[in-house]
């Protein structure tokens, strides 16, 4: 999350106003994972705790970084940015280990569903890593860097909102979960693209993010039922 220059410190979508939206995301994540995780901490595995801690840390960093830039505490911004080289890989690795544990524990009855869940977990982890990687690659271009780093938060919407629907709004049919969660992501990105029209360079990152999420959504529809994915899931479960 390191950046150079004062251009990124201007107020607006990517300045101090960003942190309330990250706080809202945190609330949604806690609500979504309350029943399956936070209310059952004693029963959770150690890797689940590691993943939760790394994810909460990441959201906290996304909240803190814009504030540090806005208040021109760039030294602390860079220090916290260096911490992302530890936290981001922990997010991805812990998610992949959790996905492996779940698919390895699947019964013949739950296997098709767990194969689908495995794809959600693996694809979301890869997308998180890719967007974070883009943020690191463009760390010296504040307009792109800020948008890609903020974009990592969008990968948390589907797993968080889907669990909100599952545990708190069970009347919603399961086939609509991804359409609702990805519809929310699309809406957010399209609104940001419209609001960000004065930043041609930064706006391009939002179009890239939109394309990545559309591609991911298409893959979620097409891939989990294929024999190739089922073979991969069998191999992954045996690791």
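In our numbering, the protein residues as written are 987 to 1225. From the three backbone atoms N, C-alpha and C, an ideal C-beta is built for every residue, glycine too. Note that the structure is a prediction, hence the values are computed from the model and not measured.
Drop a sphere of 10 angstroms on the beta-carbon of residue i, count the other beta-carbons inside from all chains shown, and report buried for 16 or more, exposed for fewer.
{"i": "residue 1117", "result": "buried"}
{"i": "residue 1124", "result": "buried"}
{"i": "residue 1127", "result": "buried"}
{"i": "residue 1105", "result": "buried"}
{"i": "residue 1193", "result": "exposed"}
{"i": "residue 990", "result": "Low confidence applies here, because residue 990 scores a pLDDT of 38, under 50, leaving its location unreliable; read the following figure in that light. Label assigned to residue 990: exposed."}
{"i": "residue 1225", "result": "exposed"}
{"i": "residue 1051", "result": "buried"}
Since residue i is in the alpha helix (DSSP H), which residue starts that stretch and which ends it?
{"i": "residue 1144", "result": "1143-1154"}
{"i": "residue 1202", "result": "1186-1208"}
{"i": "residue 1221", "result": "1213-1223"}
{"i": "residue 1102", "result": "1097-1123"}
{"i": "residue 1014", "result": "1005-1018"}
{"i": "residue 1052", "result": "1032-1056"}
{"i": "residue 1164", "result": "1163-1181"}
{"i": "residue 1060", "result": "1060-1090"}
{"i": "residue 1134", "result": "1128-1137"}
My assumption, with CB atoms under 8 Å, is that residue i sits in contact with residue j. Please give the rounded CB distance.
{"i": "residue 1223", "j": "residue 1089", "result": "4 Å"}
{"i": "residue 1083", "j": "residue 1045", "result": "Actually they are not in contact, since the Cβ atoms of residue 1083 and residue 1045 sit about 20 Å apart, beyond 8 Å."}
Mind checking if residue i is an interface residue toward chain D, Cβ cutoff 8 Å exclusive?
{"i": "residue 1049", "result": "Structure shown: chain D not included; a single protein chain is present."}
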